[in-house]
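Going line by line, the protein sequences match chains Z and V. Just so we're aligned: the first sequence equals residues 1 to 111 in the working numbering. Just so we're aligned: the second sequence equals residues 112 to 223 in the working numbering. Quick reminder that beta carbons are idealized off the backbone N, C-alpha and C, glycines included. Since we're looking at a predicted model, the values are computed, not measured. To keep things clear, I will list the structure first and then write my remarks on it.
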Amino acid sequence: DAKTTQPTSMDCAEGRAANLPCNHSTISGNEYVYWYRQIHSQGPQYIIHGLKNNETNEMASLIITEDRKSSTLILPHATLRDTAVYYCIVRSHNAGNMLTFGGGTRLMVKP
Amino acid sequence: NAGVTQTPKFRVLKTGQSMTLLCAQDMNHEYMYWYRQDPGMGLRLIHYSVGEGTTAKGEVPDGYNVSRLKKQNFLLGLESAAPSQTSVYFCASKTGISYEQYFGPGTRLTVT
Chain Z
1 DAKTTQPTSM DCAEGRAANL PCNHSTISGN EYVYWYRQIH SQGPQYIIHG LKNNETNEMA
61 SLIITEDRKS STLILPHATL RDTAVYYCIV RSHNAGNMLT FGGGTRLMVK P
Chain V
112 NAGVTQTPKF RVLKTGQSMT LLCAQDMNHE YMYWYRQDPG MGLRLIHYSV GEGTTAKGEV
172 PDGYNVSRLK KQNFLLGLES AAPSQTSVYF CASKTGISYE QYFGPGTRLT VT
């Protein structure tokens, strides 16, 4: 599996966009980029995933560079409830679909 | 739907004791997973199952056993608990075609 690199922590002002980067320079052609988040003490929550194209859902947008070596998760209007650890995971969609969680980025949304 | 539930929520064991953690899902999901999360760390996969009656090892399987006798339940057993198994245990499930894993609320286990 491709390894991911994320900043350890980031701050964001409430109401502003939060842009969380992820580097996955060794990603292979059949691997997807997944984003999950974990609010304190809770189980992780799926946010979004993508292969090549940019994706958007009700929670966030995912921007993947053309060479697929990096991506950015965008929370368009961060709220205090978005304070969490955000995990970028690269994984092929095969049998088992096991996820490997690294350290993630601790996002602190401040009033 | 209750989603993914885990029993118990908290447990304290003495070294050498055994216990079973229960994960139940009511979404008819084929795949189920057990992860552990140590303080300040990401989740690590212990065992998983791709269907009723099947199990497979994950990244950190030593000291644990699992069973999937019914599609909706995935049991994680500790035969002889050790302090190194103090952790928060999360269960997850998904359908075969879905990209999204649904996680339970976790079981906080302390082994003294």
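Range of the contiguous beta strand (DSSP E) that encloses residue i
| i | result |
| --- | --- |
| V/Val-171 | First-last for V/Val-171: undefined, no H or E at that position. |
| Z/Thr-72 | 70-75 |
| Z/His-40 | Here Z/His-40 belongs to no beta strand (DSSP E), and DSSP marks it neither H nor E. |
| V/Ser-160 | 154-160 |
| Z/Arg-91 | 84-92 |
| Z/Gly-19 | Contrary to the premise, residue 19 of chain Z reads as Asn rather than Gly in this sequence. It spans 18-23 - the beta strand (DSSP E) in which Z/Asn-19 sits, taken as one unbroken run. |
Proximity winner among the options, relative to residue i (alpha-carbon distances)
| i | options | result |
| --- | --- | --- |
| V/Val-115 | Z/Gly-43, Z/Pro-21, Z/Gln-6, Z/Tyr-87 | Z/Gly-43 |
| V/Lys-120 | V/Gly-127, V/Asn-112, V/Cys-134 | V/Cys-134 |
| V/Ser-191 | V/Arg-122, V/Asp-149, V/Gln-212, V/Gly-127 | V/Gly-127 |
| Z/Ser-25 | Z/Glu-58, Z/Ile-64, Z/Asp-11, Z/Arg-68 | Z/Arg-68 |
| Z/Tyr-36 | Z/Pro-111, Z/Arg-16, Z/Val-109, Z/Thr-83 | Z/Thr-83 |
| V/Leu-132 | V/Pro-194, V/His-140, V/Gly-169, V/Ser-178 | V/Ser-178 |
| V/Lys-205 | Z/Glu-55, Z/Ile-74, Z/Gln-45, Z/Tyr-86 | Z/Gln-45 |
| V/Trp-145 | V/Glu-163, V/Ser-129, V/Val-199 | V/Val-199 |
| Z/Asn-30 | Z/Thr-72, Z/Asn-97, Z/Met-108, Z/Gly-104 | Z/Asn-97 |
| V/Lys-182 | V/Asn-176, V/Lys-125, V/Met-138 | V/Met-138 |
| V/Val-222 | V/Phe-201, V/Leu-189, V/Ser-209, V/Pro-194 | V/Pro-194 |
| Z/Ile-89 | V/Pro-150, V/Gln-212, V/Pro-216 | V/Gln-212 |
Beta-ladder partner(s) of residue i, from DSSP
| i | result |
| --- | --- |
| V/Ala-203 | V/Tyr-144, V/Phe-214 |
| Z/Glu-55 | Z/Leu-62 |
| Z/Lys-110 | Z/Ala-13 |
| V/Ala-135 | V/Thr-116, V/Asn-184 |
| V/Arg-219 | V/Phe-121, V/Val-199 |
| V/Leu-189 | V/Met-130 |
| Z/Thr-114 | Past the edges of chain Z, shown from 1 to 111, lies residue 114 of chain Z, and the structure says nothing about it. |
| Z/Ile-47 | Paired residue(s): none; Z/Ile-47 is not in a bridge. |
Partners in chain V for residue i, counting only beta-carbon separations shorter than 9 Å
| i | result |
| --- | --- |
| Z/Leu-99 | Tyr-144, Tyr-146, Leu-154, Leu-156, Ala-203, Gln-212 |
Amino acids of chain Z, ordered along the chain, whose beta-carbon sits closer than 8 Å to that of residue i
| i | result |
| --- | --- |
| V/Gly-215 | Gly-43 |
Contact set between residue i and chain Z, taken where Cβ atoms lie within less than 9 Å
| i | result |
| --- | --- |
| V/Tyr-175 | None at all; the shortest Cβ gap to chain Z is about 15 Å. |
Per-residue contacts from residue i into chain Z (C-beta, under 7 Å)
| i | result |
| --- | --- |
| V/Gly-169 | Met-98 |
- Pull out every residue of the segment 178-189 of chain V whose Cβ sits closer than 8 Å to any Cβ of chain Z, in chain order. none
- Task: Please list the residues of the segment 3-14 of chain Z that have a C-beta atom closer than 8 Å to any C-beta atom in chain V, keeping them in chain order.
- Result: none
- Using a Cβ-Cβ cut-off of less than 9 Å, give me the residues of the segment 29-60 of chain Z that come near chain V, in sequence order. Hits within the stretch, in order: Tyr-32, Tyr-34, Tyr-36, Gln-38, Ser-41, Gln-42, Gly-43, Pro-44, Gln-45, Tyr-46, His-49.
- Task: Compile a chain-ordered list of the residues in the segment 82-93 of chain Z whose CB is closer than 7 Å to at least one CB of chain V.
- Result: Cβ contacts with chain V: Tyr-87, His-93.
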